[in-house]
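In the numbering used here, the protein residues as written are 1 to 158.
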Amino acid sequence: MVALAVWITLEVFFVAVGVTEVGGAPAPSLDSAAWWWSLVAAAVGLFAGGMTAGASARWRGVLDGVLLGVTVWALSVVAVLILASIGTGIGFGAFGDVYGAGGFTGPGGAVPGSVTDTVQEAAAVALLVLGITIAAAIAGGAAAVKIWPRRTGRTGPA
């Protein structure tokens, strides 16, 4: 929850200050600054989520932090996919439109190269975002289990 809250808050902040655009603009390409600001928002959000999970962990090993970071990342990805599918009305609607009966096929049912290129570029951006965000969540979880103060001197159960 912390990861998503920080991520969404940063996205809204970036829109408010004008570094990313909404509506009416063509989809950003890989070299567009909008992708990079969204990546920053996602990485910071997932790092914060990993830190929160790691700080609240009972066990303090680095591998425990890595596991918590991966868990935060996986839950965040699933939550974003669910939110996106609710927002669009259909899960993975864009891919269905491109490769289904969305009118994007050319002669003989072939998908035009420009459509395939766009889908491949979007997949490359998604892979980059997923890779960097899992690294950020793992780093947050692993760091927090080591730097967060341990609970010492307790007399009751943890």
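The beta-carbon is built from N, C-alpha and C at its ideal position, and this holds for glycine as well. Quick caveat: nothing in here was measured; it's all calculated off a predicted structure.
Annotation for Gly-45: the continuous alpha helix (DSSP H) segment containing it runs 33-55. Leu-83 and Gln-120 have their C-alpha atoms some 23 Å from each other. Contact annotation: Gly-141 and Leu-67 have beta-carbon atoms nearer than 9 Å. By the C-beta density criterion, Leu-10 is buried, having at least 16 other C-beta atoms within 10 angstroms. Contact between the region 121-137 and the region 57-64 is absent, with fewer than three C-beta pairs closer than 8 Å.
In this structure, Ala-3 sits near Ala-137, with a CB-CB distance shorter than 9 Å. Residue burial is scored here from C-beta neighbours: Ala-74 has fewer than 16 other C-beta atoms within 10 angstroms and is therefore classed as exposed. When rounded, the separation of the alpha-carbon atoms in Trp-7 and Thr-20 is 14 Å.
Cβ contact annotation for Asp-64 (same chain, cutoff 7 Å, sequence separation greater than five): Ala-57, Val-145, in chain order. In this structure, the CA atom of Val-44 is about 27 Å from the CA atom of Thr-118.
In this structure, the CA atom of Ala-135 is about 32 Å from the CA atom of Ser-114. In this structure, the CA atom of Val-78 is about 23 Å from the CA atom of Phe-14.
Secondary structure note for Thr-20: it is in no alpha helix (DSSP H), with a DSSP letter that is neither H nor E. Minimum Cα-Cα distance from Gly-49 among the listed residues Met-1, Ala-122, Trp-148, Trp-36 corresponds to Met-1.
Of the other Cβ atoms in all chains shown, fewer than 16 fall within 10 Å of the Cβ of Val-12; this residue is therefore exposed.
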